[in-house]
Each structure stands twice: as C-alpha cells, then as structure tokens.
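First up is the structure itself, then whatever we jot down about it.
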C-alpha cells in the first residue's frame, strides 16, 4: 500500500515489530523450502516436518491451501519422537493456517515474510499462536 | 462470507496496524487484521481516507465495548483472509 512515507519510515515500522515479543518471530521471511519448485507444495510441507523434528508436546498443525478451485490440506503431526506430514485433513487441529497456493509459495520460498502476508489479509491463522511461534522458529533452523 | 462469533481476547492498536483476537464458545481463537499500512509511520497513506479512519474508529469502539463487557462480537471476513470486513456487537 503506497503512502507519503518519510525517510526511514519502513525501517522504523519493521524495527517496532522486531521488538515485539510475539510478532518478532514472523517479521523476517523464512528460508527457501521450495528450492525453485514453486508448484511443489508437498515438498515444502515435507521439509517443514523435517525441520520441526521432535516436539515437547504432541500437536496437529493443518495447512489449508486454496489451489485454484480445489482446497488441499496437509496435516503436520508433531510428537516427542518426531514430526510427520500427510496430505489429509484433521478434525480439531491445534493450529490451522489457511491461504492460497500462490501466497504459500511466496512464504515458503522466502519471498514474503509471514507477518506481511498476514497483514495484507492473505493468510488466516486459527488456533494456538504459541505453536505458530514454535513453527516459525523451527522453520528457520 | 465466513463469520466468527466470540469474545475479544485482545485488541492491539497502532498508527500503522491493528489486530484483534477472538475466542469462540468452543475455545478456538483466531487473529484478525483491522488495518495494516506498514511503512507509513508519521505519514498518511494516500489510499486511506477519513471515512475509512472513522470506520476503523467505530470498529475499535465496538471491540473495546465487547472486551470490557465481556460481550459477544461477530467478525465477518473473507474465506482465506484475516482482513476484517464488518464488526457486529449484539
């Protein structure tokens, strides 16, 4: 969104979020999990499961992706033994991230920061924000 | 358009961005964006007119009332977006 911006305005805005105890985890873009294969959504979720690894507590994170006219869902299941992902829906996820395929490709490839996509109204986040923070931290490992 | 009905968990307001988190009767929470104009600290976006700012102010009033109550509030938003389209109290 364009505006009359004084010099350094964007930097000041980003700085404010980086100092925020909750939002700071979502300010910077993630590393590229798609490795140039923008249409390979499944590969990006597989890589996220590997990056997540073992969890302190069991949880289910659902990614609901609008891909053209169809809605695809991946469920990341985290346990103390490790994490798995499958293209399936779960009934009561602890965290659900809803977006479209293009936006997910931009987030997963590191082109856009998750907070920016959320602020622009391109992503919905339902459920446990603390779990979303853990996910964001693990995706940077 | 999808709607979420519940109580206000929190309301976060700044010049450039504002968020609210709603908790429904089942305990599910979702965070919504009231406005988002990054990079405009100290400036006013050309696309932001006085009507929009008054609308934002009315949304904040309703959410504040709901938070203080606590009262049930209803948020309307697009299917795949956290952007608030409508705030209803009562």
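Chains as they are written, first to last, in my numbering: chain A, 2 to 142; chain B, 57 to 146.
Where a beta carbon is used, it is the ideal one built from N, C-alpha and C, also for glycine.
Nearest to residue 60/A (by Cα), restricted to the options 71/A, 80/A, 26/A: If we check each option's Cα against that of residue 60/A, 80/A comes out closest.
Under 8 Å between C-beta atoms of residue 126/A and residue 138/B: It is a contact, given that the beta carbons lie within the stated cut-off.
CA-to-CA distance, residue 120/A to residue 114/A, given in whole angstroms: 10 Å
Interface partners of residue 136/B on chain A, CB under 7 Å: 67, 99, 100, 101, 125
Residue-level contact to chain B via CB, residue 130/A, 8 Å cutoff: yes
Cβ pair residue 50/A, residue 84/A closer than 8 Å: yes
When 103/A, 124/A, 112/A, 108/A are compared against residue 97/A, the one with the closest alpha-carbon: 124/A
Check whether residue 80/B and residue 91/B have beta carbons under 8 Å apart: no
8 Å Cβ cutoff, residue 122/A in contact with chain B: yes
Supposed contact pair residue 130/A and residue 76/B - C-beta distance, whole angstroms, cut 8 Å: In fact, because the Cβ distance is near 13 Å, the residues do not count as touching under 8 Å.
Chain-order list of residues whose beta-carbon lies under 7 Å from that of residue 47/A (same chain, five-residue window excluded): 86
Beta-carbon proximity check, residue 27/A vs residue 116/A, cutoff 8 Å: yes
Listed by chain order, chain A residues near residue 84/B by CB distance under 7 Å: At a C-beta separation below 7 Å, residue 84/B has these neighbours in chain A: 127, 128.
Residue range of the beta strand (DSSP E) that includes residue 1/A: Past the edges of chain A, shown from 2 to 142, lies residue 1/A, and the structure says nothing about it.
CB of residue 41/B within 8 Å of CB of residue 131/B, strictly: Nothing in the structure corresponds to residue 41/B, since chain B is present only between 57 and 146.
Top-ranked residue by Cα proximity to residue 109/B, from 65/B, 69/B, 64/B: Here the closest residue by C-alpha is 69/B.
CB contact check: residue 27/A to chain B, cutoff 8 Å: No - not a single Cβ of chain B is within 8 Å of the one on residue 27/A.
Beta-ladder partner(s) of residue 144/B, from DSSP: Under the DSSP definition of a beta bridge, residue 144/B partners with 130/B.
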